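Protein chains in written order, with our numbering: chain P, 6 to 306; chain B, 33 to 308. The beta carbon of each residue, even a glycine, is placed where N, CA and C say it ideally should be. Note that the structure is predicted; figures quoted are calculated from it, not measured. Scroll down for the structure; my scribbles are underneath it.
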């Protein structure tokens with residue numbers, strides 16, 4: 006907005022902002038329509054989760070969370086995330102290091118392959134592991150002979166979660182590290198730092214916000230994944246149910262209060278994720294405003 | 033290669049990083065994914081064809097494609113509007129609204145599914161007001177559209193937003209000084225500028241909707257031939273231990289989503305070429 010300063014200029018019959026904005030009535034109609042749409046699709050469902058969870062009071066709410074099967078589901082979800090997050094973190098950093106700091110043939114193919122799990126339906130992500138490790142699967146008979154259970158057991162859930170969440174960190178770091186180039190690392194090396202020293206003292210401080218951003222999204226998806234996990238889990242109560250699967254079972258049993266109570270944990274996780282994400286965007290935008298407008302955001306799957 | 037070696041041979045760790053990346057990618061993604069195609073190869077072409085063209089399967093494609101398309105179109109219109117409002121106007125609570133746009137990415141699909149079903153059920157917060165008007169949402173194709181609109185919402189907003197932000201206001205001012213009114217400026221100057229991003233967002237939302245499962249299964253009611261989506265059919269086949277049938281349908285879906293992915297890459301390439 007140009008502000009009143011410009012008004013002093015000679016005989017401008019067109020007001021300074023007229024070329025770039027609309028009359029107030031149009032503006033507020035557009036804002037109103039957009040907010041109504043977002044309110045209907047975002048705010049109403051979010052409010053509904055908590056309202057239905059607390060429908061029968063706070064005591065019933067906490068009762069549903071303390072129940073042994075709910076606790077087992079929470080434990081399994083935490084375990085899954087505790088395995089999937091570090092593994093995909095290391096994978097993302099390694100992939101971004103190789104792609105951003107070096108030139109090689111087939112780089113674009115590699116980036117596409119890393120992104121592939123995002124293009125695959127969650128249900129199919131689960132299915133491919135059933136085809137590999139299930140009883141009728143390629144390795145199924147061998148696994149059965151050696152009494153190793155992957156499908157309908159915890160390892161399958163962990164594997165499917167790793168598959169679904171594997172691109173998050175890599176896709177956040179690759180553009181960031183490509184924009185930063187390799188000069189600072191090269192300087193570190195020339196000044197006598199070892200490879201790991203260069204990584205921990207030069208690279209890591211430069212990418213920490215992007216890395217954190219990727220990990221936040223990765224963690225949210227790892228804890229909330231439903232489709233892929235649903236295919237491989239077998240839905241054994243207290244054993245192979247993650248929080249989202251537990252929500253499904255409770256809901257299908259018409260135990261709505263308990264279903265929404267457990268679901269509210271995931272809704273809170275989503276809110277914390279959004280808050281953390283906004284915080285990182287705010288922090289990193291301050292850091293990366295010069296030159297690269299993609300650094301802090303780069304959202305969009 | 034020779035040039036790059038000269039320039040960047042100071043940095044170590046290429047072998048380790050690349051080796052680990054390829055090993056991990058092969059074990060987690062490539063080998064399991066090619067397993068699906070191998071499994072399909074055990075079917076004869078005739079078997080494959082009859083599986084993927086069963087009437088019940090065809091009905092599920094129709095429903096999935098139609099509802100995904102409508103959901104993505106709704107998001108194209110309202111996503112563009114939301115991006116416009118968030119970039120161009122000021123209003124109280126804007127930052128919170130901006131953060132909230134990503135909710136469908138952050139909220140697990142199962143939670144979205146049960147919540148939308150409850151809200152739009154005939155006794156739900158919104159459903160009870162639609163029922164007297166003769167509009168049924170839960171357990172109808174309309175419900176599927178609602179769920180797919182929800183999960184696709186952030187794509188258009190987040191692809192259009194940065195482009196709108198970087199759009200040169202001087203071009204708009206030039207259009208105005210040359211006598212264009214605001215609507216002409218929008219349709220002839222602004223819209224062509226954001227079109228590649230809008231199309232990318234639309235395609236991403238559409239592709240995501242095609243493969244969606246969690247948010248839809250609750251609200252759709254899952255009636256065969258009427259409200260059964262393709263991903264659910266894959267699960268149904270799996271539960272009947274019809275692995276080959278499930279895989280055949282999955283391959284059809286995989287191929288269609290890869291085609292869409294290719295299309296998105298092409299769009300982005302075209303967009304980069306134009307604004308490079």
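Supposed close pair residue i, residue j - CB separation, criterion 8 angstroms
| i | j | result |
| --- | --- | --- |
| residue 138(B) | residue 275(P) | 4 angstroms |
| residue 248(P) | residue 270(P) | 6 angstroms |
| residue 168(P) | residue 239(P) | About 17 angstroms separates the two Cβ atoms, so there is no contact after all. |
| residue 104(B) | residue 295(B) | With a Cβ gap of about 13 angstroms, residue 104(B) and residue 295(B) do not count as contacting. |
| residue 122(P) | residue 172(P) | 6 angstroms |
| residue 124(P) | residue 290(B) | 7 angstroms |
| residue 42(B) | residue 194(P) | 5 angstroms |
| residue 302(B) | residue 235(B) | About 13 angstroms separates the two Cβ atoms, so there is no contact after all. |
| residue 97(P) | residue 197(P) | So it is not a contact: roughly 28 angstroms between Cβ atoms. |
| residue 91(B) | residue 257(B) | 5 angstroms |
| residue 99(B) | residue 173(B) | 6 angstroms |
| residue 68(B) | residue 283(B) | 7 angstroms |
Best match in the options for proximity to residue i [C-alpha to C-alpha]
| i | options | result |
| --- | --- | --- |
| residue 39(P) | 129(B), 240(B) and 264(B) | 129(B) |
| residue 243(B) | 285(B), 235(B), 224(B) and 260(B) | 285(B) |
| residue 85(P) | 286(P), 226(P), 262(P) and 138(P) | 226(P) |
| residue 171(B) | 104(B), 140(B), 252(B) and 121(B) | 252(B) |
| residue 283(P) | 108(P), 221(P), 167(P) and 93(P) | 221(P) |
| residue 209(P) | 230(P), 178(P), 229(P) and 234(P) | 178(P) |
| residue 66(B) | 301(B), 266(B), 279(B) and 200(B) | 279(B) |
| residue 228(P) | 52(P), 83(P), 137(P) and 73(P) | 83(P) |
| residue 240(B) | 287(B), 149(B) and 184(B) | 184(B) |
| residue 187(B) | 157(B), 99(B), 198(B) and 233(B) | 233(B) |
| residue 142(P) | 216(B), 64(B) and 76(B) | 64(B) |
| residue 41(P) | 113(B), 102(B) and 79(B) | 113(B) |
| residue 267(B) | 281(B), 292(B) and 71(B) | 281(B) |
| residue 139(P) | 275(B), 43(B) and 292(B) | 275(B) |
| residue 261(P) | 61(P), 192(P) and 187(P) | 61(P) |
| residue 272(P) | 211(P), 56(P) and 32(P) | 56(P) |
| residue 89(B) | 304(B), 140(B), 269(B) and 109(B) | 269(B) |
| residue 77(P) | 137(P), 277(P) and 267(P) | 267(P) |
| residue 93(P) | 287(P), 263(P) and 170(P) | 170(P) |
Residues that residue i contacts on chain A, provided the C-beta gap is smaller than 7 angstroms
| i | result |
| --- | --- |
| residue 44(B) | The chain labelled as chain A is not found among the protein chains of the depicted structure, namely P and B. |
Cβ-heavy atom distance, residue i to the ligand FMN, below 8 angstroms
| i | result |
| --- | --- |
| residue 260(B) | What this structure holds is no ligand at all, so the ligand FMN is not there to describe. |
TODO: Note down, in chain order, all residues in the region 130-145 of chain P with a beta-carbon under 8 angstroms from any beta-carbon belonging to chain B.
DONE: 132, 133, 134, 135, 136, 137, 139, 141, 142 and 143
Open item on the list: Tell me which residues of the region 91-107 of chain B have at least one Cβ-Cβ distance to chain P shorter than 7 angstroms, keeping chain order.
Closed with: none
- [ ] For the region 79-92 of chain P, enumerate the residues whose C-beta is nearer than 7 angstroms to any C-beta of chain B, in chain order.
- [x] none
Open item on the list: With three or more C-beta pairs closer than 8 angstroms as the rule, is the region 128-144 of chain P touching the region 196-211 of chain P?
Closed with: no
- [ ] Decide if the region 90-110 of chain P is in contact with the region 212-231 of chain P; the criterion is three or more beta carbon pairs, one per stretch, under 8 angstroms apart.
- [x] yes
Task: the region 80-87 of chain B in contact with the region 241-254 of chain P per 3-pair CB rule at 8 angstroms - done: no
Open item on the list: For the structure I just gave you, are there three or more beta carbon pairs, one from the region 245-257 of chain B and one from the region 169-180 of chain B, closer than 8 angstroms?
Closed with: Contact between the region 245-257 of chain B and the region 169-180 of chain B is present, because at least three Cβ pairs lie under 8 angstroms.
Open item on the list: Residues of the region 168-179 of chain P in Cβ contact with chain B at a cutoff of 8 angstroms, in chain order, please.
Closed with: 168 and 171
- [ ] Count the CB pairs spanning the region 163-171 of chain P and the region 85-94 of chain P that are closer than 8 angstroms, and state whether there are at least three.
- [x] yes
Open item on the list: With three or more beta-carbon pairs closer than 8 angstroms as the criterion, would you say the region 221-235 of chain B touches the region 190-208 of chain B?
Closed with: yes
Open item on the list: Output needed in chain order: residues of the region 61-77 of chain B with a Cβ under 8 angstroms from some Cβ in chain P.
Closed with: Residues 61, 62, 63, 64, 65, 67, 68, 70 and 71.
Open item on the list: Taking 8 angstroms as the cut-off, does the region 118-127 of chain B touch the region 44-60 of chain P (at least 3 CB pairs, one atom from each stretch)?
Closed with: Short answer: they don't touch.
- [ ] Give a yes or no on contact between the region 250-258 of chain P and the region 226-238 of chain P, applying the rule of three or more CB pairs nearer than 8 angstroms.
- [x] Inter-segment contact for the region 250-258 of chain P and the region 226-238 of chain P is present: three or more beta-carbon pairs are separated by less than 8 angstroms.
Open item on the list: Tell me whether the region 136-150 of chain B and the region 107-119 of chain B touch, counting them as touching only if at least three CB pairs, one residue from each stretch, are closer than 8 angstroms.
Closed with: The region 136-150 of chain B is not in contact with the region 107-119 of chain B.
Open item on the list: Tell me which residues of the region 48-60 of chain P have at least one Cβ-Cβ distance to chain B shorter than 8 angstroms, keeping chain order.
Closed with: 48, 49, 50, 51, 53, 54 and 57
- [ ] Count the C-beta pairs between the region 102-121 of chain P and the region 47-55 of chain B that are closer than 8 angstroms, then say yes if the count reaches three, no if not.
- [x] yes
- [ ] Could you run through the region 154-172 of chain B and flag, in chain order, every residue whose CB is less than 9 angstroms away from some CB of chain P?
- [x] Taking 9 angstroms as the Cβ-Cβ cut-off against chain P, the residues of the region 154-172 of chain B that qualify are 156, 157 and 158.
Open item on the list: Measuring CB atoms only, is the region 161-170 of chain B touching the region 91-105 of chain B, in the sense that at least three cross pairs come out at less than 8 angstroms?
Closed with: no
Task: Any 3 or more C-beta pairs closer than 8 angstroms across the region 67-84 of chain P and the region 145-152 of chain B - done: no
Open item on the list: Taking beta-carbon pairs under 8 angstroms, can you tell me which members of the region 273-292 of chain B lie near chain P?
Closed with: 273, 275, 278, 279, 282, 285, 286, 289, 290 and 292
Task: Residues from the region 183-207 of chain P in contact with chain B, defined by Cβ distance under 7 angstroms - done: Legend: CB atoms of the region 183-207 of chain P lying less than 7 angstroms from CB atoms of chain B belong to residues 187, 190, 191, 194, 195 and 200.
Task: Selection of the region 177-188 of chain B by Cβ proximity to chain P, strictly under 7 angstroms - done: 181, 182, 185 and 187
TODO: Taking only beta carbons into account, state which residues of the region 146-160 of chain P come closer than 8 angstroms to chain B, listed in chain order.
DONE: If the cut-off is 8 angstroms between Cβ atoms, the region 146-160 of chain P has nothing near chain B.
Open item on the list: Along the region 139-154 of chain B, where does the CB come closer than 7 angstroms to a CB of chain P? Name the residues.
Closed with: 139, 140, 141, 142, 143, 144, 146, 147, 148, 150 and 151
Open item on the list: So if I threshold CB-CB distances at 9 angstroms, which residues from the region 258-269 of chain B count as touching chain P?
Closed with: 262, 263, 264, 266 and 267
TODO: Could you list the residues in the region 203-221 of chain B with a C-beta less than 8 angstroms from some C-beta on chain P, going in chain order?
DONE: Cβ contacts with chain P: 204, 205, 207, 208, 209, 214 and 217.
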